[in-house]
Amino acid sequence: YKSVLCPTWIESLQQAELFGIYLAAKLAIYIQRNTQVQSGQGGGVMIGTDSKVGRFQVLRTHAASSLGAQQRILRRMFWLRSWSGYSVGVFRVGTRYNPADPLSRVHEVGGKKAAKEKAKGRIQEWRNLTDPYR
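Following this line, the structure appears as structure tokens:
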């Protein structure tokens with residue numbers, strides 16, 4: 001598990017969740033591009049999030065013009081898609097199955113070790129679902 005400190009221009013939870021979607025997409029694309037035989041560009045990655053607003057902003061590549069930080073993140077997402085040739089899909093992960101939730105609430109779940117165990121349990125629950133992307 002890895003934590004990333006948001007840039008100083010991220011000022012709200014909504015912005016941080018959108019930035020997290022961007023970072024996950026960037027990491028997934030880098031991993032895919034570096035582990036696959038390069039037979040040309042293209043492909044796709046799927047990112048799970050419990051942020052409905054972030055999901056729709058990424059899928060529509062749109063945020064209100066007054067939301068400068070979100071606009072900035074979406075521009076980064078646009079350029080990431082453009083240079084890589086990858087598409088980015090975003091699907092909803094219910095809070096019950098989100099492994100990031102306990103990791104972001106370490107003090108509420110009884111420490112880092114307990115948070116990691118709870119996250120592993122949620123990953124296993126997700127894997128046991130018959131149709132997790134619905």
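Each residue of the sequence shown is one higher than the last, beginning at 1 in this note's numbering. All residues carry an ideal CB built from backbone N, CA and C; glycine is no exception.
State the Cα-Cα distance for the pair K26 and C6, rounded to the nearest angstrom.
By 1-based counting over the sequence shown, the position of residue 26 is 26. By 1-based counting over the sequence shown, the position of residue 6 is 6. Rounded to whole angstroms, K26 to C6 spans 15 Å at the Cα level.
Buried or exposed: where does R75 fall if 16 or more other Cβ atoms within 10 Å of its Cβ makes it buried?
Stepping through the sequence shown from its first residue, residue 75 is reached at position 75. By the 10 Å Cβ count, R75 comes out exposed.
Are D192 and T95 close, meaning C-beta to C-beta below 8 Å?
Residue 192 lies beyond the stretch modelled for the chain, which goes from 1 to 134, so this question has no answer here.
Please report the straight-line C-alpha distance between A63 and Y30, rounded to a whole angstrom.
Residue numbering aside, residue 63 sits at position 63 when the sequence shown is read from its first letter. Residue numbering aside, residue 30 sits at position 30 when the sequence shown is read from its first letter. Distance between the alpha carbons of A63 and Y30: 26 Å.
Any chance the stretch 81-98 sits against the stretch 117-129, with 3 or more Cβ pairs inside 8 Å?
Touching, yes, given that three or more Cβ pairs across the two stretches are closer than 8 Å.
Express the C-alpha separation of Q57 and Q71 in angstroms, rounding to a whole number.
On the sequence shown, position 71 is the one that residue 71 refers to. On the sequence shown, position 57 is the one that residue 57 refers to. The alpha-carbon atoms of Q71 and Q57 are separated by roughly 9 Å.
Terminal residues of the continuous beta strand (DSSP E) containing S87?
By 1-based counting over the sequence shown, the position of residue 87 is 87. From DSSP, the beta strand (DSSP E) with S87 extends over Y86 to R92.
Please classify V106: does DSSP put it in a helix, a strand, or coil?
Within the sequence shown, numbered from 1, the residue matching residue 106 stands at position 106. Note: V106 maps to helix in three-state DSSP.
Please classify G54 as buried or exposed, where buried requires at least 16 other C-beta atoms within 10 Å of its C-beta.
Residue 54 sits at position 54 when you count from the first residue of the sequence shown. The residue is buried, with at least 16 neighbouring Cβ atoms inside 10 Å.
Expressed to the nearest angstrom, what Euclidean distance is found between the alpha-carbon atoms of L103 and S82?
Position 103 of the sequence shown, counting from 1, holds the residue named residue 103. Position 82 of the sequence shown, counting from 1, holds the residue named residue 82. When rounded, the distance between both Cα atoms is 32 Å.
By DSSP, does T35 sit in helix, in strand, or in coil?
Within the sequence shown, residue 35 is the residue found at index 35, counting from 1. Helix.
Determine the closest residue to L59 out of S66, G48, G89 and A119, with distance taken between C-alpha atoms.
Walking along the sequence shown from the start, residue 59 turns up at place 59. With distances taken between Cα atoms, L59 lies closest to G89.
Where does I47 sit, in a helix, a strand or coil, going by DSSP?
Counting from 1 along the sequence shown, the entry for residue 47 is found at position 47. Here I47 sits in strand by DSSP.
Find the nearest neighbour of S220 within the set I21, E11, G20 and G43, judged by alpha-carbon distance.
Residue 220 lies beyond the residue range present for the chain, which begins at 1 and ends at 134; the question has no answer from this structure.
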